[in-house]
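In what follows, a single structure is set out as structure tokens and then discussed.
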Amino acid sequence: MTFATRTLTIVQQGRRTPVPVVIHQPQQHPRHWECAFEIGWPEGALQFNAKGADGMQAVYLAMQAIAIRLYSSPYHAAGELVWGKPGDGYGFPMPKPGYPDLIGEDRIAQVP
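Residue numbers (the numbering used here): 79 to 190.
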């Protein structure tokens, strides 16, 4: 079941391609919680899972994993991936080791 969605955009040579990011409702397992998420890249959607001690942690870890995948994408490296204004970031929390890669509002909101 879908918990939250956000659509980013790849802008290449004036053409706009949507990149849906979907976070699914966390599911309880006997020893952990799991939160599935997917990123709908143009070459095909990639699906992942984040695991946590409870549902809240699983969602938070999923959001961090999304940030890592967005910022490490070739679309980010080329400056083609946008959400809102170009250069403002994507609105997902980044783990501390990734802070140097943050741009725009992501950098302002997360880096002291």
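Each residue gets a CB set at the ideal place from its N, CA and C atoms; glycine is no exception. Because the structure is a prediction, the values reported are computed rather than measured.
> Ends of the beta strand (DSSP E) at residue 110?
Replying inline: As a working mapping, residue 110 is identified with position 32 in the sequence shown. Note, residue 110: premise wrong, no beta strand (DSSP E); not H, not E.
> Does the distance from the CB of residue 112 to the CB of residue 136 come in under 8 Å?
Replying inline: Taking the first residue of the sequence shown as position 1, residue 112 is located at position 34. Taking the first residue of the sequence shown as position 1, residue 136 is located at position 58. Against a cut-off of 8 Å, the Cβ pair of residue 136 and residue 112 comes out as a contact.
>> If contacts are defined as beta-carbon pairs under 8 Å, then residue 177 and residue 148 qualify, I think. What distance do you get, rounded to the angstrom?
In response: Taking the sequence shown and counting its residues from 1, one reaches residue 177 at position 99. Taking the sequence shown and counting its residues from 1, one reaches residue 148 at position 70. Not really, about 14 Å apart at Cβ, beyond 8 Å.
> Considering only residues of the same chain and omitting the five flanking positions on each side of residue 103, which have a CB-CB separation below 7 Å?
Replying inline: The residue labelled residue 103 in the question sits at position 25 within the sequence shown. Excluding sequence neighbours, residue 103 sits near 79, 81.
> In this structure, does DSSP put residue 96 in helix, strand or coil?
Replying inline: By one-based count along the sequence shown, residue 96 stands at place 18. It is a strand residue.
>> Cutting at 8 Å between CB atoms, please list the residues of its own chain near residue 110, excluding the five before and the five after it.
In response: To locate residue 110, count along the sequence shown from 1; it is residue 32. 129, 130, 131, 136.
> If you follow the alpha helix (DSSP H) that residue 133 is part of, which residue opens it and which one closes it?
Replying inline: Along the sequence shown, one-based indexing puts residue 133 at 55. 133 to 149 is the span of the alpha helix (DSSP H), which, as asked, contains residue 133.
>> Is the separation between the beta-carbon of residue 159 and that of residue 88 shorter than 8 Å?
In response: As a first step, residue 159 must be located in the sequence shown, where it is residue number 81. As a first step, residue 88 must be located in the sequence shown, where it is residue number 10. Yes. Within cutoff.
> Could you give the distance in angstroms between the alpha-carbon of residue 95 and the alpha-carbon of residue 105?
Replying inline: On the sequence shown, residue 95 is found 17 positions in, with the first residue counted as 1. On the sequence shown, residue 105 is found 27 positions in, with the first residue counted as 1. In a straight line, the C-alpha of residue 95 is about 31 Å away from that of residue 105.
> For the alpha helix (DSSP H) that contains residue 186, what are its first and last residues?
Replying inline: Counting from one through the sequence shown, the residue named residue 186 turns up at place 108. Where residue 186 is concerned, the enclosing alpha helix (DSSP H) stretches over 182 to 188.
>> Relative to the C-alpha of residue 85, which candidate in 134, 170, 126, 127 has its C-alpha closest?
In response: Here residue 85 corresponds to residue number 7 of the sequence shown, with the count starting at 1. For the options 134, 170, 126, 127, the alpha carbon positioned closest to that of residue 85 is the one of 170.
> Going by alpha carbons, who is nearest to residue 153 out of 126, 83, 190, 121?
Replying inline: Your numbering for residue 153 matches position 75 in the sequence shown. It is 121.
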